[in-house]
Amino acid sequence: MELGAHIKEHRTKQGLSQDDLAERIYVSRQTISNWETGRTYPDVQSLLLLSNVFDATVDSLIKGDVEAMAKAMDEAVKKYNALSTAAVVSGAVFLALAAWGAFQYEWGWGMHMVPTIVFAVIALLVLVVAFMHAERIKKQHDLQTYREVLAFSRGERVDRDTIEGKREREMKPWVKGVRTSVQILVGAGVGGAIGIGIGMLAKLLA
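Numbering (the numbering used here), first residue to last: 452 to 657.
Encoded structure:
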């Protein structure tokens with residue numbers, strides 16, 4: 452993978468650290484490290500920004516790696532889309548089961564709740580695993596906002612030079628973790644509330 456070596460060579464010649472280069476092309480330091488070690492490839496916009504910073508042509512940067520880059524990016528996009536689909540489907544199943552479990556509880560169907568709980572746990576595990584792997588791909592390709600993720604999933608140019616993107620990149624990791632946890636809890640709570648509401652309504656109409 453010659454691209455990583457080219458990036459490191461140009462960066463070193465200009466006396467730039469990975470942090471310096473990352474700041475100039477609107478990505479994280481880890482992303483620069485991933486490129487230089489060949490773990491991931493830069494997208495089209497990043498290549499254009501790199502060529503401007505290094506005062507070099509894109510062709511000279513990617514020489515020898517064009518086919519490998521195209522294949523790697525295509526595989527990454529397909530994998531991310533598959534994981535996203537799995538996360539959405541398992542999340543929907545979990546919410547439906549949470550609502551059904553709350554309905555069963557409201558009607559006093561204690562034993563009937565056991566398989567519901569088991570399947571809900573399985574759906575939640577699938578959701579968590581798919582979400583974690585999708586987040587890993589997002590981190591590898593430095594995708595922070597919905598627009599960036601959407602562009603990546605469509606194989607389009609990713610624009611990281613936005614106010615929203617800069618805000619997300621400046622946000623502390625623990626803040627993002629708390630935000631995600633709250634979103635999951637709210638989703639489960641909504642599913643449970645819907646189930647209880649349906650159960651109470653059914654009792655009133657019975």
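For each residue, glycine too, the CB sits at the ideal point set by N, CA and C.
Between the C-alpha atoms of A538 and G606 there is a straight-line separation of about 20 Å. Under the three-state reduction of DSSP output, S484 falls in the helix class. Cα atoms of V504 and I635: separation of roughly 41 Å, rounded to the nearest angstrom. For H584, the enclosing alpha helix (DSSP H) starts and ends at M564 to Q591.
Within the same chain, L534, A537 and A538 come within 6 Å of A581 by CB-CB distance, once the 5 residues on both sides are set aside.
Separation of V565 and W551 (C-alpha to C-alpha, rounded to the nearest whole angstrom) is 12 Å. H457 is positioned such that its CB atom lies closer than 9 Å to that of S511. Residue I476 holds the alpha-carbon nearest to the alpha-carbon of D610 among I476, K514, L578 and D506. With a cutoff of 9 Å on beta-carbon distance, A553 and A473 are scored as not near each other.
Approximately 6 Å separates the beta-carbon atoms of A549 and A571; this is inside 8 Å, confirming the contact. Annotation: L576 to D525 spans about 27 Å, alpha carbon to alpha carbon. In the displayed model, Q595 falls within coil according to three-state DSSP, outside both helix and strand. I647 is the residue among I588, I647 and V626 whose C-alpha sits nearest the C-alpha of W560.
K514: not part of any alpha helix (DSSP H); DSSP gives it neither H nor E.
Around the C-beta of R462, 16 or more other C-beta atoms lie within 10 Å, and the residue is accordingly described as buried.
For T463, the enclosing alpha helix (DSSP H) stretches over residues E453 to K464. For V504, the enclosing alpha helix (DSSP H) covers residues V495 to F505. Within the model, the alpha-carbon separation for K617 versus M651 is close to 46 Å.
When DSSP states are grouped into helix, strand and coil, V626 belongs to the helix group.
If you draw a straight line from the Cα of S604 to the Cα of V495, it is about 14 Å long.
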